Structure formats: structure tokens, C-alpha cells
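Numbering of the sequence shown is given in the working numbering, commencing with residue 6 and proceeding in unit increments. Take a look at the structure set out below.
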Amino acid sequence: MRMAGEGENVKIMSVRGGKGFHDRLSGMGLNVGAEVEIVKNQDNGPVLVAHKGTRLFLGGGMAEKIHVIVVPKGD
């Protein structure tokens with residue numbers, strides 16, 4: 006997720022981390038298969054994502070553990 010560009014829609018493909026990390030993401034609705042929009046993504050700062058009408062900040066370290074693919078807009 007760290008490499009995704011602002012304004013891109015992405016789909017979560019996998020997450021590296023332990024059960025606690027997975028549970029934390031799940032509590033925010035960020036499960037494998039979820040689609041989110043990258044609102045803000047600065048070099049070493051947090052990543053702001055939009056998901057189901059909610060905006061969430063993810064720390065840079067968290068974002069690095071989330072593998073995503075870009076989803077073309079309109080699909």
C-alpha cells in the first residue's frame with residue numbers, strides 16, 4: 006500500500022503480520038479483498054485511505070505490511 010499513488014483505488018491482496026495486526030485491520034474493515042481509495046500518501050508519513058464512507062489513517066509501518074493491487078476506476 007505504501008507505493009500506491011494518491012487517488013488510486015486498490016484492493017487488499019495480503020497482509021503480513023501477526024494475529025493482533027490482522028485483528029486491528031479487520032476491526033477497521035480492512036480485510037483481504039477490501040477495496041479502498043488512497044486519499045493521501047506521503048513519503049514517510051501516514052497513509053489516509055477512504056473505505057465505505059470512512060477515512061482512516063494508517064501509519065507508514067502498517068501500510069508497508071499491506072500488499073495491494075490497483076483496481077481500475079469504474080470496475
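All C-beta atoms in this analysis are idealised placements derived from N, C-alpha and C, irrespective of residue type, glycine included. All of these numbers come straight from a predicted model, not from anything done at the bench.
Excluding sequence positions up to five before and after Met33, its CB lies within less than 7 angstroms of the CB of Leu61, all in the same chain and listed in chain order. Under the three-state reduction of DSSP, Glu40 is assigned to strand. In the three-state DSSP reduction, Leu35 falls in the coil class, being neither helix nor strand.
Contact annotation, Ile74 with Lys16: C-beta distance approximately 5 angstroms; criterion of less than 8 angstroms satisfied.
Between the alpha carbons of Phe26 and Gly58 lies a gap of roughly 22 angstroms. Note on Asn46: 16 or more other CB atoms within 10 angstroms of its CB, so buried under the neighbour-count rule. Taking every protein chain shown into account, the CB of Met18 has fewer than 16 other CB atoms within 10 angstroms, so this residue is exposed.
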